[in-house]
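Numbering (my numbering), first residue to last: 8 to 238. C-beta atoms are modelled at their ideal positions from N, C-alpha and C, and glycine is treated no differently. Remarks on the structure that follows.
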């Protein structure tokens, strides 16, 4: 299952300016990473260790602390990592931003990223390997979309017997699918100490932070939600 776009219209604004700005900022930063990495292969590693969220340093009160939790949200390990995250942000972020307004959406996005790193730092407290990527923040945005637009339709790529299909699937099922596939690996990390290249606990932490969306909604969207009206 591979989501492509949200098919529902915005209510309050024409363009998701902040979502576009976040996507462009991530792309520019990744471009600079690889521009300098080509001339100095050690550069990317240095950037990750300098600006990534290191659980051991966060717990010890050293390094960038909360600041590194934010800077790590804008770093990606490779182009595929970047494209996957930014596509998900575009699919789910557009209407969430519409319900919040651009600046409230930015604060919500960063809040989810920060909380995702807090959870990750607790689980990996003795690990000195930095965590990077926007996935935690994006899972928060996906969770907010689920809360606000559970009946929204997401155009999704689904191969059936090697035949590509593009059905419109309710957001409820799309988001719950991506949430469900995080749970078993996260439990394996916690109880079996298995090692993964994906920070599943950051995903779950970001998703939990989605409930803070009610602090960031436009007043009108807030009133419509609790009046059981379409947002």
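message: So if DSSP puts residue 246 in a beta bridge, which residue, or which two residues, is it bridged to?
response: Here the chain comprises residues numbered 8 to 238, so residue 246 is not present and cannot be evaluated.
message: Would residue 223 and residue 111 qualify as a contact pair, given that the criterion is a beta-carbon distance under 7 Å?
response: In the chain shown, counting from the first residue as 1, residue 223 sits at position 216. In the chain shown, counting from the first residue as 1, residue 111 sits at position 104. Going by C-beta atoms, residue 223 is nearer than 7 Å to residue 111.
field: Closest by C-alpha distance to residue 104, when choosing among 86, 206, 19 and 14
entry: In the chain shown, counting from the first residue as 1, residue 104 sits at position 97. Looking at the Cα atoms, 19 is the closest of the given residues.
- prompt: Cα-Cα, which of 43, 63 and 62 is closest to residue 54?
  reply: Mapped onto the chain shown, residue 54 falls at position 47. Cα-wise, what sits closest to residue 54 is 43.
task: In the DSSP assignment, find the alpha helix (DSSP H) that holds residue 37 and state where it starts and stops.
output: Against the chain shown, residue 37 aligns to sequence position 30. If you look at residue 37, you'll find it in the alpha helix (DSSP H) that goes 24 to 44.
query: Are the Cβ atoms of residue 175 and residue 46 separated by less than 7 Å?
result: Looking up residue 175 in the chain shown gives position 168. Looking up residue 46 in the chain shown gives position 39. Contact: no.
query: Would the beta-carbon of residue 25 fall within 7 Å of that of residue 165?
result: Within the chain shown, residue 25 is the residue found at index 18, counting from 1. Within the chain shown, residue 165 is the residue found at index 158, counting from 1. Against a cut-off of 7 Å, the Cβ pair of residue 165 and residue 25 comes out as no contact.
- prompt: Given residue 157, which residues of its chain have a CB within under 8 Å of its CB, disregarding the five upstream and five downstream residues?
  reply: For the purposes of this step, residue 157 is taken as residue 150 along the chain shown, with counting starting at 1. Around residue 157: 177, 178 and 179.
- prompt: Whose C-alpha, out of 107, 17, 167 and 136, is nearest the C-alpha of residue 202?
  reply: One-based indexing of the chain shown puts residue 202 at position 195. Considering only alpha carbons, the answer is 136.
- request: For residue 165, write down the residues that DSSP places opposite it in a beta bridge.
  value: Position 158 of the chain shown, counting from 1, holds the residue named residue 165. For residue 165, which the question treats as bridged, DSSP gives the partners 172.
- prompt: Can you name, in chain order, every residue of its own chain whose Cβ lies under 8 Å from the Cβ of residue 231, other than the five neighbours on each side?
  reply: In the chain shown, residue 231 corresponds to position 224, counting from 1. 237 and 238, listed in sequence order.
query: Relative to the alpha-carbon of residue 28, which residue among 143, 96, 189 and 226 has its alpha-carbon at the smallest distance?
result: For the purposes of this step, residue 28 is taken as residue 21 along the chain shown, with counting starting at 1. It is 96.
task: Using 10 angstroms around the beta-carbon of residue 211, count the other beta-carbons present and answer buried if the total reaches 16, otherwise exposed.
output: Within the chain shown, residue 211 is the residue found at index 204, counting from 1. Under this definition residue 211 is a buried residue.
message: So residue 107 and residue 150 are supposed to be a Cβ contact under 8 Å. How far apart are they, rounded?
response: Within the chain shown, residue 107 is the residue found at index 100, counting from 1. Within the chain shown, residue 150 is the residue found at index 143, counting from 1. 14 Å between Cβ atoms; not a contact.
query: For the segment 186 to 220, which segments carrying the alpha helix (DSSP H) assignment without a break, of at least 4 residues, lie completely within its bounds, in sequence order?
result: 207 to 215
message: Once DSSP output is grouped into helix, strand and coil, what is the label at residue 16?
response: Position 9 of the chain shown, counted from the first residue, corresponds to residue 16. DSSP places residue 16 in coil when its eight states are reduced to three.
field: Beta-bridge partners of residue 9, as assigned by DSSP
entry: Translated into positions along the chain shown, residue 9 becomes position 2. Beta-bridge pairing links residue 9 to 164.
query: Out of curiosity, what's the CA-to-CA distance linking residue 191 and residue 124?
result: If you number the chain shown from 1, residue 191 lands on position 184. If you number the chain shown from 1, residue 124 lands on position 117. For residue 191 and residue 124, the distance between alpha carbons rounds to 19 Å.
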